[in-house]
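Protein chains in written order, with the working numbering: chain F, 1 to 330; chain Z, 1 to 295. The C-beta atom is built at its ideal place from N, Cα and C for all residues, glycine as well.
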Amino acid sequence: MSATAPSIHAAAAANLADDRAGDRAGDRAGEVVIGVSGLHKRYDELEAVRGIDLKVRRGEIFAFLGPNGAGKTTTVEILEGFRGRSAGQVSVLGVDPAHADRHWRDRVGVVLQESQPEPGLRVRECLQLYAGYYTHPRQPEETIALVGLRPQAEVPTERLSGGQRRRLDVALALIGDPELLFLDEPTTGFDPSARRAAWQVVAGLRTLGKTVLLTTHYMDEAEHLADRIAVIAAGRIVAQGTPQTLGGRDRLPATISFTLPTGVTPQALPADLQARAERDGDRLVLTSQHPLVHVRRLADWALARGLDLPDLDVRRPSLEDVYLHLTRGN
Amino acid sequence: MLLLYRLYQRLRQRRSSAPATRAPAPARAEAPAAGRTVRALGLVAHQARFELLGFVRNRQARFFTVALPVIFLVVFVGVFGNDTAGPEHVKASTYYVPGLSALAIIAACFVNLVISVTTQRELGILKRRRATPVPAWVLIAGRTLSAMVVGLAVMTVLLAIGRFAYGVHLPGSTIPGVLLTAVVGSVAFCCLGYALCTAISSADSAQPMLQAVMLPLYFISGVFIPSVGLPDWLQQVARVFPVQHLADGLHHALDSAASGSGIVWSDLGILALWAAVGLAVALRRFTWTPAAAAA
Chain F
1 MSATAPSIHA AAAANLADDR AGDRAGDRAG EVVIGVSGLH KRYDELEAVR GIDLKVRRGE
61 IFAFLGPNGA GKTTTVEILE GFRGRSAGQV SVLGVDPAHA DRHWRDRVGV VLQESQPEPG
121 LRVRECLQLY AGYYTHPRQP EETIALVGLR PQAEVPTERL SGGQRRRLDV ALALIGDPEL
181 LFLDEPTTGF DPSARRAAWQ VVAGLRTLGK TVLLTTHYMD EAEHLADRIA VIAAGRIVAQ
241 GTPQTLGGRD RLPATISFTL PTGVTPQALP ADLQARAERD GDRLVLTSQH PLVHVRRLAD
301 WALARGLDLP DLDVRRPSLE DVYLHLTRGN
Chain Z
1 MLLLYRLYQR LRQRRSSAPA TRAPAPARAE APAAGRTVRA LGLVAHQARF ELLGFVRNRQ
61 ARFFTVALPV IFLVVFVGVF GNDTAGPEHV KASTYYVPGL SALAIIAACF VNLVISVTTQ
121 RELGILKRRR ATPVPAWVLI AGRTLSAMVV GLAVMTVLLA IGRFAYGVHL PGSTIPGVLL
181 TAVVGSVAFC CLGYALCTAI SSADSAQPML QAVMLPLYFI SGVFIPSVGL PDWLQQVARV
241 FPVQHLADGL HHALDSAASG SGIVWSDLGI LALWAAVGLA VALRRFTWTP AAAAA
């Protein structure tokens, strides 16, 4: 799925390039499961979604990444058939979700951003209840095991932890054996171990061949789980790509940083290194498109003077750096 | 009811014994209409079964819906005695049993339904159910059926206590009248319950709102005390509302002096009218999503 990157930096252009790469990959990976073009949603004064285009292909785990209030949930609820739209084309499993019928719902699983378990029921009973709604449900036992709740199968839902409740939500969305699964902020408010457990469940969906659209405001979650990511800010998609290429991440400069040894000033550095240096407190940060060359220049300079740079750090931009850059000002 | 349950059991067996393959279904358009109806009715029973399970495990619901009418019966007879009362000189317990049966039906089909449905809506449970292929009417019918089962069961308990503990005479000929009145009343109050859910935004405000509306109505509608002693204008007010007609219908059907079927058609008619009004409001305004998320 990775785009052969042309040397362009503008987010919009990168977006376009990736879309083309996606089309090529799509010939192999299969049909478009979710197709959106020119989607707008207006609430009175507020325009929550301002022209979104995206494609999700069969078997993909697609992350919709953005800060709170960026329009993620609005978009997903339109795709789920819970909300109308102001303008644009939407097709999910070949159907306009605004006219979703029971046959369509039979093929789609939904984990809402906020929903509590059925009061008074045990985990297994919840799954039995929901299994009755579908034409070809999975086995409740197997689905409980899939989300790692087997030890809790007989536990009343009121006694589940937050993470366990969310996994029950996922199990309820899976019980109908859907082709497509929507996960709206599946781990918001989780502690780290609960998040890891939830990630395992989502990663397990890949082996089942499910197509997954998940929303999140955690970069690491998108990076860990998704084949492709779309970053949404203020109702627009500002970048789209794989976790490696998103926002031109693979082409952004690396940073080389170290603490200046006592008595050494930045002016002591060779001129070409000085030109890329910026002070950050005690540290000096060099920005470089060719980190190997510049690390070597730096090493030669330091060794010749008998200097050690014990905290030398060479770093690629993280997805977080890219994300913060993309969503800045929104 | 029993028939429906049998049907449901058979359907369940059929489903669980089917091979666990995931072969694509034959197009459902080919399924005969009768088969689809049977499946839908089975699904109503399925829904009702789990709603009942949730009800039985809810202590508050159990107390207000099951225990309270029974406690009232025992306390009323204990406090006021079981002497004859009213202009027709019937045993006091003969009066309390139908009145409290009306209370039980209203508690199950109206009060408990409104509280549980608004709670489920607030917790996102109704929305999640609507994300599945289950038809909306199945969810509503299933919840209504579970409320009717509870209401009729508590009424049966009250009748049994009245008959065996207090010697209330139960006329056999009016059993159709008792059942019909109870069923029509149940349906009417379920419809009104769903209608009221459209006016209540949060589960917290459901309980006080319900008590504020229902307590005065219970007192002027002959649920606790005979309404013949009330001022005329108050009786006129009570006659507008459905509580009085359910209580009156059950009083007549359980009147030891009654003969024939014991059906009071005017009461049933007014209950049906209220049912229609409730249904119309619910159909137009009932929402499945939490109020906060609608913004």
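- Taking 8 Å as the threshold, the shortest C-beta distance from Pro-140 of chain F to chain Z does not fall below it.
- DSSP lists F:Arg-42 as the beta-bridge partner residues of Glu-47 of chain F.
- The DSSP-derived three-state label of Ile-175 of chain Z is helix.
- The DSSP assignment places complete beta strand (DSSP E) segments of no fewer than 3 residues inside the segment 108-147 of chain F at 108-111, in order along the chain.
- Taking the Cα positions, Ala-206 of chain Z is about 13 Å away from Ala-195 of chain Z.
- Between Val-95 of chain F and Gly-235 of chain F, the gap from beta carbon to beta carbon reaches 8 Å or more.
- Tyr-218 of chain Z sits close to Leu-103 of chain Z, with the two beta carbons spaced by under 8 Å.
- Counted as a single uninterrupted DSSP element, the beta strand (DSSP E) harbouring Ala-239 of chain F occupies residues 236-241.
- For Asn-58 of chain Z, the chain F residues whose Cβ falls inside 9 Å of its Cβ are Pro-119 and Gly-120, in order along the chain.
- Listed along the chain, the chain F residues whose CB falls inside 7 Å of the CB of Lys-127 of chain Z are Leu-112 and Ser-115.
- Straight across, the Cα-Cα distance linking Ala-291 of chain Z with Ile-125 of chain Z is about 13 Å.
- A direct Cα-Cα distance of roughly 10 Å separates Leu-180 of chain Z from Val-264 of chain Z.
- Under a 10 Å Cβ-count criterion, Pro-176 of chain Z is classified as exposed, with fewer than 16 other Cβ atoms of the shown protein chains found around its own Cβ.
- DSSP places Ile-61 of chain F in the uninterrupted beta strand (DSSP E) bounded by 61-65.
- The alpha carbon of Phe-182 of chain F has as its nearest neighbour, out of F:Arg-107, F:Leu-307, F:Gly-51 and F:Gln-139, the alpha carbon of F:Arg-107.
- Excluding five sequence positions before and after Ala-92 of chain Z, the CB atoms of its chain that fall closer than 8 Å to its own CB belong to Phe-76, Val-77, Phe-80, Gly-81, Asn-82, Asp-83, Thr-84 and Ala-85, given in chain order.
- Under the three-state reduction of DSSP, Val-187 of chain Z is assigned to helix.
- In this structure, Leu-100 of chain Z sits away from Pro-133 of chain Z, with a CB-CB distance that is not shorter than 8 Å.
- Cβ neighbours of Leu-298 of chain F within its own chain (closer than 7 Å, five residues either side excluded): Ile-256 and Leu-273.
- For the C-beta of Tyr-130 of chain F, the chain Z residues within less than 7 Å are, from N- to C-terminus, Thr-132.
- In chain order, Leu-225 place their CB closer than 6 Å to the CB of Val-202 of chain F, counting only its own chain and leaving out the 5 sequence neighbours on each side.
- In the assembly as shown, Ile-61 of chain F is a buried residue. Its beta-carbon has 16 or more other beta-carbons within 10 Å.
- Put simply, of Z:Ile-105, Z:Val-184 and Z:Leu-159 the residue whose alpha carbon is nearest the alpha carbon of Ala-276 of chain Z is Z:Val-184.
- When C-alpha distances from Gln-240 of chain F are compared across F:Pro-117, F:Glu-45 and F:Glu-223, the shortest belongs to F:Glu-223.
- Secondary structure of Leu-159 of chain Z (DSSP, three-state): helix.
- Pro-291 of chain F has its alpha-carbon roughly 58 Å from the corresponding atom of Leu-129 of chain F.
- DSSP places Gly-54 of chain Z in the uninterrupted alpha helix (DSSP H) bounded by 33-56.
- Excluding residues up to 5 positions away in sequence, Ala-275, Gly-278, Leu-279 and Ala-282 lie with their Cβ nearer than 7 Å to the Cβ of Cys-191 of chain Z in the same chain.
- Ala-203 of chain Z and Pro-242 of chain Z do not touch by the CB rule: their CB atoms are close to 24 Å apart, not below 8 Å.
- Any Cβ of chain Z closer than 8 Å to the Cβ of Gly-71 of chain F would place that residue at the interface, and such an atom is absent.
- Nearest in C-alpha terms to Val-314 of chain F, of all of F:Ala-275, F:Lys-55, F:Arg-165 and F:Thr-259, is F:Thr-259.
- In the DSSP annotation of this structure, the continuous segment of the alpha helix (DSSP H) that includes Asp-272 of chain F starts and ends at 271-276.
- Rounded to whole angstroms, the Cβ separation of Pro-67 of chain F and His-217 of chain F is 6 Å, and the two are in contact under 8 Å.
- Taking 4 residues as the minimum length, the alpha helix (DSSP H) runs contained wholly in the segment 249-319 of chain F are 271-276 and 291-304, in order along the chain.
- Remark: C-beta atoms of Leu-52 of chain Z and Val-149 of chain Z approach each other more closely than 8 Å.
- Of all C-beta pairs linking the segment 166-182 of chain F to the segment 136-143 of chain F, three or more are shorter than 8 Å, placing the two stretches in contact.
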